[in-house]
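Working notes, structure below.
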Amino acid sequence: MSLSRIWTILRKDLVDAIRDGRVLAVILIPIGLGLMYGAIYPDEEPRPTADVVIVGTGADAQRVADAFPRDVRRALDVTVERDADERRARETVADDDADVAVVVPDGLLDRAAAGRAPPLTMVVGSSPSPAAQAVLSLLPTTVERLAERPATVDVRTTQVTATNPAAIDAVGLRTYFVLAAIVMLIGFVGMLVVPIILAEEIEKRTLEALLLAARGPEVMAAKVGVGLVYSAVATVITVLLTGIAVERPALFVLGVAGTALSVVGLGLVLAYLFRSADKLNTWGWVVLMPFLAPAFLAGVPGLPGWADALVQVLPTGQGMRMMIDGALSTDVFGDAGIALALFVAWAVAGLGLLGWILQRRGT
Amino acid sequence: MPDDVRVAVQDRPSPDDPGAAVDVVDLAKHYGDVRAVDGITFSAAPGEVFGLLGHNGAGKTTTIRMLTGRTPPTAGRASVDGHDVVADREAARSSLNLVFEDQNLYPRLTGRDNLKLFSDLYGMPPARVDELLERVAIAHAADRKVKTYSTGMKQRLLLARALVNDPKVLFLDEPTRGLDPASARNLRDIVRELSGAGTTVVLTTHDMTEADELCRRVAFLSEGRIIALDTPRELKLQVGRARRARVLLEDRSEHVVAIDDPADDRLARWLDGGRVLTVHSDEPTLADVFVALSGRSLDADHPDDEQEAGA
Numbered sequence: 290m291s292l293s294r295i296w297t298i299l300r301k302d303l304v305d306a307i308r309d310g311r312v313l314a315v316i317l318i319p320i321g322l323g324l325m326y327g328a329i330y331p332d333e334e335p336r337p338t339a340d341v342v343i344v345g346t347g348a349d350a351q352r353v354a355d356a357f358p359r360d361v362r363r364a365l366d367v368t369v370e371r372d373a374d375e376r377r378a379r380e381t382v383a384d385d386d387a388d389v390a391v392v393v394p395d396g397l398l399d400r401a402a403a404g405r406a407p408p409l410t411m412v413v414g415s416s417p418s419p420a421a422q423a424v425l426s427l428l429p430t431t432v433e434r435l436a437e438r439p440a441t442v443d444v445r446t447t448q449v450t451a452t453n454p455a456a457i458d459a460v461g462l463r464t465y466f467v468l469a470a471i472v473m474l475i476g477f478v479g480m481l482v483v484p485i486i487l488a489e490e491i492e493k494r495t496l497e498a499l500l501l502a503a504r505g506p507e508v509m510a511a512k513v514g515v516g517l518v519y520s521a522v523a524t525v526i527t528v529l530l531t532g533i534a535v536e537r538p539a540l541f542v543l544g545v546a547g548t549a550l551s552v553v554g555l556g557l558v559l560a561y562l563f564r565s566a567d568k569l570n571t572w573g574w575v576v577l578m579p580f581l582a583p584a585f586l587a588g589v590p591g592l593p594g595w596a597d598a599l600v601q602v603l604p605t606g607q608g609m610r611m612m613i614d615g616a617l618s619t620d621v622f623g624d625a626g627i628a629l630a631l632f633v634a635w636a637v638a639g640l641g642l643l644g645w646i647l648q649r650r651g652t
Numbered sequence: 113m114p115d116d117v118r119v120a121v122q123d124r125p126s127p128d129d130p131g132a133a134v135d136v137v138d139l140a141k142h143y144g145d146v147r148a149v150d151g152i153t154f155s156a157a158p159g160e161v162f163g164l165l166g167h168n169g170a171g172k173t174t175t176i177r178m179l180t181g182r183t184p185p186t187a188g189r190a191s192v193d194g195h196d197v198v199a200d201r202e203a204a205r206s207s208l209n210l211v212f213e214d215q216n217l218y219p220r221l222t223g224r225d226n227l228k229l230f231s232d233l234y235g236m237p238p239a240r241v242d243e244l245l246e247r248v249a250i251a252h253a254a255d256r257k258v259k260t261y262s263t264g265m266k267q268r269l270l271l272a273r274a275l276v277n278d279p280k281v282l283f284l285d286e287p288t289r290g291l292d293p294a295s296a297r298n299l300r301d302i303v304r305e306l307s308g309a310g311t312t313v314v315l316t317t318h319d320m321t322e323a324d325e326l327c328r329r330v331a332f333l334s335e336g337r338i339i340a341l342d343t344p345r346e347l348k349l350q351v352g353r354a355r356r357a358r359v360l361l362e363d364r365s366e367h368v369v370a371i372d373d374p375a376d377d378r379l380a381r382w383l384d385g386g387r388v389l390t391v392h393s394d395e396p397t398l399a400d401v402f403v404a405l406s407g408r409s410l411d412a413d414h415p416d417d418e419q420e421a422g423a
């Protein structure tokens, strides 16, 4: 293989493809989505929000549930739910569907007013969010006010282990959706842009002219290179324009490169299956959308087992997980080794399938 | 082939050939039961313009695909400039180039960028691009996108692209199809120049006049086999049609007379009477020869066309 010939074809493709309206649109759409997500979910929320479950069936539980949101409304936007079952409330917190569960036993306020310091149990996750911590510090004040007596309760805090990594909470909605848009972008480039470029070459028979002057693997390597370069450039543009924080750039870059490499081989296979840029532009989405769904599901807590397995098996799901970890200072998902192995497996499968198709066609 | 037609089918290279630039022996390509090319043998000398003629689906395109190393043969062997097209494919490819039947250029790139791409792929110096743009007379439009070019300009650019590596053997697949007469004549002139400079040209065409005008020898292909191979003149003479003359008289009436028929003395009488305006020999054309040999028209489609096109 000649690197010089690969670079020559790659350079041509980079210049030629971007002048194709279809290619330009496919690249700009996810960048636009990233910007839109960045605008919809601002960095600084006007008030932090907290979901609180009040456990108890008595009148005291109702009074606390009514009073607490009013008492803290200037500092915290609280959504309160009632639940009679403490076990279920703990599961709600463990599933990250609530920040705090507060157990309000019958007669709490009477005993507090009598100065008997009744226990007030509050359940939080293993890594309480700032909103959960605010609830922990503010709620006793509400009880004191309702009991008309200071320092009246014995606050007991218990932690439950989260059943799913709360990736969305850890990284924030804004960053999460921008990262999902980046995975979408990589999917679009690998499974629409690159196949459109190759399908057009097949359709217009420019590929035959190229294959007279260069070897098949050189042409395919150049197409893979186009996918990687477009993915990298568009990712950098999206990150810069949205200003999302990337705490561990190396891990983030590995996630971007791994995802791009693992989908581009499949994209080239699509080019040989469709053999028409217009057909790809029309029907490629049907193949692509299920492939992209894991990027949006990767951080959603409480996924059914089959959906979680799908997220972890597809490169877009693993890419999203690795990019989320790269955006944070500590791992939410971990298992970078498994992700890398999966990227390699998908890349080998895609490029291997492409090689097999080309061999069968005698080209 | 009709029984009364006797035509040479063996290869007859010129005795002064220093060596074949294209050498094909028993070359075959089968797609399952379909014999797209069925054991053909021919050679072309350096500087020769050699024509491969035949109806659609005769095997011309498949033959060119094999000779340019784009499809492996099922059987037989072929070499270009002394390099086997299978065993020594890279060397063979560096000695050849091809003007495709389709105008397969990059329409969003300029003419110059189209040429530069292939010049760089072949490792040629940058000056080669300008030299070729001048040679095919499109230097004035070099920096325009190819999608703005006329058909003739695109064809000239295709020819320039095929010359970028200074090939010893140039394959032309229907090079003048769709061109206006002036552009076609211009392209034929370039082919003659190339031939004069020692480049071997293998030409496939439906245009029998073009083949007659350009080719030193032609091979007729039908159903994957060479049914005749000789110079155009010999082929026309061997068909065996009686010699005839086409006569235009002063009253503008046109007549065909048999020259060798003693009973037909009309031509002598008209000449004596001073009534003749023009006399032309009415020899068969290459198209007539092909029909006589194969029993079918050059324009007729063959059931295996699709197979060949998709090859």
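Top line first, the protein sequences correspond to chains R and S. Here the first sequence is numbered in this note's numbering, starting from 290 and rising by one per residue. Here the second sequence is numbered in this note's numbering, starting from 113 and rising by one per residue. Ideal Cβ positions, reconstructed from N, Cα and C, are used throughout, including at glycine.
Give every residue of the same chain whose Cβ lies closer than 6 angstroms to the Cβ of residue i, excluding the five residues on either side of it in the sequence, and list them in chain order.
| i | result |
| --- | --- |
| valine 478 (chain R) | Gly516, Tyr519 and Ser520 |
| histidine 367 (chain S) | Val359 |
| isoleucine 471 (chain R) | Thr524 and Thr527 |
| glutamate 370 (chain R) | Val342 |
| glycine 171 (chain S) | Ala148, Val149, Leu333 and Gly336 |
| tyrosine 561 (chain R) | Ile646 |
Residue i and residue j look like a contact to me (Cβ under 8 angstroms); what is the Cβ gap, rounded to whole Å?
| i | j | result |
| --- | --- | --- |
| alanine 566 (chain R) | arginine 308 (chain R) | Alanine 566 (chain R) to arginine 308 (chain R), Cβ: 13 angstroms. No contact. |
| valine 342 (chain R) | alanine 390 (chain R) | 4 angstroms |
| leucine 179 (chain S) | valine 161 (chain S) | Between valine 161 (chain S) and leucine 179 (chain S) the Cβ distance is about 15 angstroms, and since that is not below 8 angstroms, they are no contact. |
| glycine 573 (chain R) | leucine 559 (chain R) | 6 angstroms |
| arginine 379 (chain R) | valine 444 (chain R) | About 17 angstroms; that fails the 8 angstroms criterion. |
| leucine 631 (chain R) | glycine 476 (chain R) | Wrong, their Cβ atoms sit about 15 angstroms apart, outside the cutoff. |
Could you tell me the alpha carbon to alpha carbon distance between residue i and residue j, rounded to whole angstroms?
| i | j | result |
| --- | --- | --- |
| valine 146 (chain S) | leucine 165 (chain S) | 20 angstroms |
| valine 241 (chain S) | alanine 582 (chain R) | 48 angstroms |
| arginine 300 (chain S) | leucine 326 (chain S) | 7 angstroms |
| leucine 389 (chain S) | leucine 361 (chain S) | 5 angstroms |
| valine 353 (chain R) | valine 344 (chain R) | 10 angstroms |
| valine 392 (chain R) | threonine 346 (chain R) | 10 angstroms |
| glycine 131 (chain S) | valine 314 (chain S) | 16 angstroms |
| arginine 273 (chain S) | alanine 239 (chain S) | 14 angstroms |
| leucine 569 (chain R) | isoleucine 485 (chain R) | 7 angstroms |
| alanine 331 (chain S) | methionine 265 (chain S) | 30 angstroms |
When the Cα of residue i is compared with those of the options, which residue comes out closest?
| i | options | result |
| --- | --- | --- |
| glycine 159 (chain S) | S:Arg329, S:Lys348, S:Leu306 and S:Leu291 | S:Leu306 |
| asparagine 216 (chain S) | R:Leu496, R:Gln601, R:Arg649 and R:Val575 | R:Leu496 |
| proline 439 (chain R) | R:Arg445, R:Val621, R:Thr430 and R:Gly476 | R:Thr430 |
| isoleucine 318 (chain R) | R:Phe563, R:Val482, R:Val369 and R:Leu640 | R:Val482 |
| histidine 142 (chain S) | S:Arg220, S:Gly336, S:Ala272 and S:Pro237 | S:Gly336 |
| serine 291 (chain R) | R:Arg564, R:Arg649 and R:Pro506 | R:Pro506 |
| aspartate 285 (chain S) | R:Ala498, R:Gln422 and R:Asp349 | R:Ala498 |
| leucine 435 (chain R) | R:Gly639, R:Ala348 and R:Pro590 | R:Ala348 |
| threonine 186 (chain S) | S:Tyr261, S:Lys259 and S:Thr174 | S:Thr174 |
| glutamate 490 (chain R) | R:Trp296, R:Gly323, R:Lys301 and R:Ala339 | R:Lys301 |
| proline 419 (chain R) | R:Asp624, R:Leu324, R:Asp366 and R:Gly626 | R:Asp366 |
| valine 432 (chain R) | R:Leu409, R:Gln422 and R:Thr446 | R:Leu409 |
| aspartate 305 (chain R) | S:Arg387, S:Gly144, S:Leu229 and S:Pro184 | S:Leu229 |
| threonine 338 (chain R) | R:Trp296, R:Gly396, R:Ile320 and R:Asp458 | R:Asp458 |
| leucine 640 (chain R) | R:Leu599, R:Val602 and R:Leu550 | R:Leu550 |
| phenylalanine 580 (chain R) | R:Asp399, R:Val589 and R:Gly608 | R:Gly608 |
Output needed for residue i: all residues of its chain with C-beta closer than 8 angstroms, excluding positions within five of it in sequence on either side, in chain order.
| i | result |
| --- | --- |
| threonine 288 (chain S) | Gln267, Ser295, Ala296, Leu299, Arg300, Thr317, Asp319 and Glu322 |
| valine 251 (chain R) | An answer regarding residue 251 (chain R) cannot be provided, because it is not within the stretch 290 to 652 covered by chain R. |
| serine 415 (chain R) | Gln448, Val449, Thr450 and Ala451 |
| glutamine 648 (chain R) | none |
| alanine 251 (chain S) | Asp242 and Leu245 |
| tyrosine 330 (chain R) | Gly461, Leu462, Arg463 and Phe466 |
Apart from the five residues just before and just after residue i, which ones in its own chain have a Cβ nearer than 7 angstroms to its Cβ?
| i | result |
| --- | --- |
| alanine 203 (chain S) | His195 |
| tyrosine 326 (chain R) | Arg463, Phe466, Val467 and Ala470 |
| alanine 253 (chain S) | Gly223, Tyr261 and Met265 |
Any heavy atom of the ligand GDP closer than 6 angstroms to the beta-carbon of residue i?
| i | result |
| --- | --- |
| phenylalanine 357 (chain R) | Looking for the ligand GDP in the displayed structure turns up nothing, as the structure carries no ligands at all. |
*asked:* Residues of the segment 302–321 of chain R in Cβ contact with chain S at a cutoff of 8 angstroms, in chain order, please.
replied: Within the segment 302–321 of chain R, contact with chain S at the beta-carbon level (separation under 8 angstroms) is assigned to Val304, Asp305, Arg308 and Asp309.
_Residues within the segment 621–632 of chain R neighbouring chain S, beta-carbon criterion of under 9 angstroms_ = Hits within the stretch: zero.
*Contact list for the segment 563–588 of chain R against chain S, Cβ threshold 7 angstroms*: Per Cβ criterion, the list is empty.
_Against chain R, which members of the segment 221–243 of chain S pass a CB distance test of less than 8 angstroms?_
So the close ones are Leu221, Asp225, Leu229, Phe230, Asp232, Leu233, Tyr234 and Gly235.
*Check distances from the C-beta atoms of the segment 172–199 of chain S to those of chain R and list, in chain order, the residues that come in under 7 angstroms.*
Cβ contacts with chain R come from Thr180, Arg182, Thr183 and Pro184.
_Residues from the segment 478–500 of chain R in contact with chain S, defined by Cβ distance under 8 angstroms_ = Going along the segment 478–500 of chain R in chain order, one finds Lys493, Arg494, Thr495, Glu497, Ala498, Leu499 and Leu500 with a Cβ nearer than 8 angstroms to chain S.
*Identify each residue in the segment 502–519 of chain R for which the Cβ-Cβ distance to at least one residue of chain S is less than 7 angstroms, and report them in chain order.*
Hits within the stretch, in order: Ala502 and Ala503.
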